[in-house]
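Colleague: Handing you a structure now.
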């Protein structure tokens, strides 16, 4: 009786995904739009990370902002904390969460007088690379 040789299958081919062509830039802040519904005026707000900005009675603080890399469909999302300063001086937190530029109604600020929405992330200007020291 002839013996059957043992055949081992080749190892599975391992495919590693290519790294993204460019990483998303690190956001230094958020650019927001604001609407005063009573005065019918809009405003552009530039909010640096972790620095409160006052918009009439609102106090807006940006905690994070993410932008998709250029090879994906554009989207910016920001984590915001918004407080309202009442006439008696008390401060009430009225919003804490992520807002998306492409879907402002998805997680909107509920306020009788003001609307706030994300326009885009603000990126820090990139520093040019230091020149290489001359070869001597």
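Numbering (the working numbering), first residue to last: 5 to 140. For every residue, glycine included, the Cβ atom is placed at its ideal position computed from N, Cα and C.
1) For residue 105 and residue 75, I'd like the C-alpha separation in whole angstroms.
2) Please look up how many angstroms separate the CB atoms of residue 112 and residue 84, rounded, as I've assumed it's under 8 Å.
3) If residue 126 sits next to residue 79, beta carbons under 8 Å apart, how far is it from one beta carbon to the other, in whole angstroms?
4) Cα separation between residue 40 and residue 110?
5) Rounded to a whole number of angstroms, what is the C-alpha to C-alpha distance between residue 124 and residue 60?
6) In the DSSP assignment, find the beta strand (DSSP E) that holds residue 119 and state where it starts and stops.
7) Return the first residue and the last residue of the beta strand (DSSP E) that residue 106 is part of.
Modeller: Quick look at the numbers:
1) Roughly 18 Å between the two C-alpha positions.
2) Incorrect: roughly 11 Å between the Cβ atoms, too far for contact.
3) So it is not a contact: roughly 15 Å between Cβ atoms.
4) So the two alpha carbons sit approximately 20 Å from each other.
5) Straight across, the Cα-Cα distance linking residue 124 with residue 60 is about 21 Å.
6) 118-127 is the span of the beta strand (DSSP E), which, as asked, contains residue 119.
7) In the DSSP annotation of this structure, residue 106 is not part of any beta strand (DSSP E), being labelled neither H nor E.
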